[in-house]
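Okay, structure first, notes after.
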Amino acid sequence: GQNIDQPTEMTATEGAIVQINCTYQTSGFNGLFWYQQHAGEAPTFLSYNVLDGLEEKGRFSSFLSRSKGYSYLLLKELQMKDSASYLCAVRDYRSNYQLIWGAGTKLIIKP
Amino acid sequence: GAGVSQTPSNKVTEKGKYVELRCDPISGHTALYWYRQSLGQGPEFLIYFQGTGAADDSGLPNDRFFAVRPEGSVSTLKIQRTERGDSAVYLCASSLGRATYNEQFFGPGTRLTVL
Numbered sequence: 178g179q180n181i182d183q184p185t186e187m188t189a190t191e192g193a194i195v196q197i198n199c200t201y202q203t204s205g206f207n208g209l210f211w212y213q214q215h216a217g218e219a220p221t222f223l224s225y226n227v228l229d230g231l232e233e234k235g236r237f238s239s240f241l242s243r244s245k246g247y248s249y250l251l252l253k254e255l256q257m258k259d260s261a262s263y264l265c266a267v268r269d270y271r272s273n274y275q276l277i278w279g280a281g282t283k284l285i286i287k288p
Numbered sequence: 178g179a180g181v182s183q184t185p186s187n188k189v190t191e192k193g194k195y196v197e198l199r200c201d202p203i204s205g206h207t208a209l210y211w212y213r214q215s216l217g218q219g220p221e222f223l224i225y226f227q228g229t230g231a232a233d234d235s236g237l238p239n240d241r242f243f244a245v246r247p248e249g250s251v252s253t254l255k256i257q258r259t260e261r262g263d264s265a266v267y268l269c270a271s272s273l274g275r276a277t278y279n280e281q282f283f284g285p286g287t288r289l290t291v292l
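Listed in order, the protein sequences are those of chains A and B. Letter by letter, the first sequence follows residues 178 to 288 of this note's numbering. Letter by letter, the second sequence follows residues 178 to 292 of this note's numbering.
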């Protein structure tokens with residue numbers, strides 16, 4: 178079957194670094210996406226990983242290990258506006274290449 | 178338009194009624210997706226269009242749900258005989274195509290409440 182696990186909620190301090198983990202179990206892995214979703218708004222794309230390793234994009238980086246079924250999103254120099262839910266989604270070729278979504282991690286930034 | 182638009186933004190209806198939700202994707206995007214999202218959950222896939230055809234409707238929960246995209250642009254999600262369990266935010270997304278690296282751009286969603 179398919180399963181994606183993320184922590185439900187995390188708290189971090191403004192200016193600090195936070196790592197949000199995502200573990201997945203799929204039989205047809207074909208890429209992993211991270212999306213940011215502010216309360217009451219649509220998800221917006223952050224990153225895409227299909228090969229092992231780290232992808233860096235400004236303050237945000239995403240890491241993938243396919244052998245471990247593991248990814249993380251690293252957010253540096255946290256700002257209050259980073260308070261949002263972070264969704265991990267895996268594309269599965271055995272499910273017609275559709276995205277299988279995690280429930281999201283609610284990140285709370287404190288001053 | 179600049180992004181994906183959805184109308185209405187909010188819809189309140191009574192159990193048993195019929196509703197239509199509209200999605201206007203980004204111009205030139207051939208792939209269109211419908212999802213629904215409940216509070217505290219990730220999006221749940223409903224249906225995927227490539228052009229005018231429904232390439233994958235495996236996520237539609239039952240035959241009360243139907244979606245069309247007659248001209249390969251605007252899509253309408255139709256729900257018959259609504260039930261209280263249908264209450265959720267219905268999200269539409271579009272992408273350039275089906276290539277695996279293509280990110281999906283989401284609309285603001287329609288919040289459906291069935292009383």
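All C-beta atoms in this analysis are idealised placements derived from N, C-alpha and C, irrespective of residue type, glycine included.
In the structure shown, LYS258/A falls within a helical segment according to DSSP collapsed to helix, strand and coil. Cβ-Cβ separation between LEU255/A and GLN196/A: approximately 11 Å, too far for a contact (criterion under 8 Å). Interface annotation for the segment 222-237 of chain B against chain A: PHE222, TYR225, ALA232, ASP233, SER235, GLY236, criterion Cβ-Cβ distance under 9 Å. GLU218, ALA219, PRO220, THR221, PHE222, TYR225, VAL227: these are the residues of the segment 218-235 of chain A whose beta carbon lies less than 8 Å from some beta carbon of chain B, given in chain order. In this structure, the CA atom of LYS287/A is about 6 Å from the CA atom of ALA189/A.
A direct Cα-Cα distance of roughly 41 Å separates ARG236/A from LYS255/B.
GLN202/A is positioned such that its CB atom lies no closer than 8 Å to that of CYS265/A.
Interface criterion not met: the Cβ of TRP211/A is under 8 Å from no Cβ in chain B. For GLU186/A, the enclosing beta strand (DSSP E) covers residues 186-190. ALA280/A reaches chain B at GLY217, GLN218, GLY219, counting residues in chain order whose Cβ is nearer than 7 Å.
Nearest CB-CB separation between ASN273/A and chain B: below the 8 Å threshold.
CA-to-CA, the gap between TYR225/B and LEU228/A works out to about 25 Å.
Exposed is the label assigned to SER204/A, since fewer than 16 other Cβ atoms lie within 10 Å of its Cβ. When Cβ-Cβ separations below 8 Å define contact, LEU250/A makes no contact with chain B. In summary, ILE194/A is exposed, with fewer than 16 beta-carbon neighbours lying within 10 Å of its beta-carbon over all protein chains present. With a cut-off of 8 Å on Cβ pairs, the segment 259-278 of chain A is in contact with the segment 233-245 of chain B, counting three or more such pairs. In this structure, the alpha-carbon of GLY219/B lies about 19 Å from that of SER239/A.
With respect to GLN227/B, ARG241/B sits apart: the two C-beta atoms are not nearer than 8 Å. Contacts between PRO285/B and chain A, judged by CB atoms closer than 8 Å, involve GLU218, ALA219 in chain order. DSSP places ARG213/B within a strand segment (E or B) once states are collapsed to three.
Here LYS283/A is not near THR200/A, since their CB atoms are 8 Å or more apart. CA-CA distance, ASN239/B to ALA261/A, rounds to 32 Å. Residue pairing by DSSP places TYR274/A in no beta bridge whatsoever.
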